[in-house]
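Shown next, in structure tokens, is the structure this report addresses.
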Amino acid sequence: MRRTEIERLLPAVYQRAAGGGALAALLDVMEGMHEPVERRLAAVEDLVAPYRAPDAFLPYLLSWLAMDHLGRSLPPGRRRDLAARAGELARARGTAAGLCALLGTVTGVGGFAVDEPADRPFHIVVRVPEAARDQLPLIRMAVALEKPAAVTVDIA
């Protein structure tokens with residue numbers, strides 16, 4: 152808030168006296184106190200934009216998107232990808248395509264496949280591409296957290 156805007160909030164008698172002295176100094180201080188808050192409010196949309204949010208804000212943003220359980224174990228770049236795709240992943244949650252999309256997002260590698268063997272109901276086989284084999288602990292954790300509770304899984 153600029154000093155002139157603050158002055159307009161004062162009663163008329165103070166507005167006339169705001170030209171100098173202690174009141175002028177107080178108004179200058181008030182203007183300085185408002186500046187950081189106004190600067191932050193002018194860029195508030197950056198807080199919820201996954202690729203512009205500060206790194207320290209990403210865990211909070213992921214919690215808003217119900218993806219914090221996965222985001223904790225990811226580097227900042229992948230956290231941003233996860234936050235950016237959260238809506239799309241939520242719509243496909245519980246499906247084979249959704250699990251493949253999620254695994255591709257958290258690992259940064261495409262080519263995952265989910266098979267549902269006809270002879271084993273409520274069982275899936277997650278096929279991991281060779282390029283993601285070094286991330287098996289992350290893949291196991293993501294599958295365990297995201298698969299339907301009644302479904303058993305093999306990771307191949």
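Heads up: the sequence shown begins at 152 in our numbering, then just goes up one per residue.
In this text, a Cβ means the ideal position worked out from N, Cα and C, and glycines have one as well.
All values derive from a computational prediction rather than experimental measurement.
Residue burial classification, residue i (beta-carbon count within 10 angstroms, cutoff 16)
i    : result
R190 : exposed
T155 : exposed
M218 : buried
A163 : exposed
T303 : exposed
V257 : buried
A283 : buried
L177 : exposed
Endpoints, the alpha helix (DSSP H) within which residue i is located
i    : result
A193 : 172–193
D232 : 227–235
Y105 : Lying outside 152 to 307, the shown extent of the chain, residue 105 is not represented and no answer is given.
Y211 : 209–215
P288 : 287–297
Neighbourhood of residue i by C-beta distance below 7 Å, restricted to the same chain and skipping five residues each side
i    : result
P227 : D206, L209
A264 : C251, R278
According to DSSP, residues forming a beta bridge with residue i
i    : result
V276 : D266, D305
Beta-carbon contacts of residue i that lie in its chain and below 6 Å, excluding the five residues immediately before and after
i    : result
D266 : V276
query: Taking contact to mean at least 3 C-beta pairs separated by less than 8 Å, is the stretch 227–247 in contact with the stretch 193–206?
result: As far as the Cβ criterion goes, the stretch 227–247 touches the stretch 193–206, which means the pair count is three or higher.
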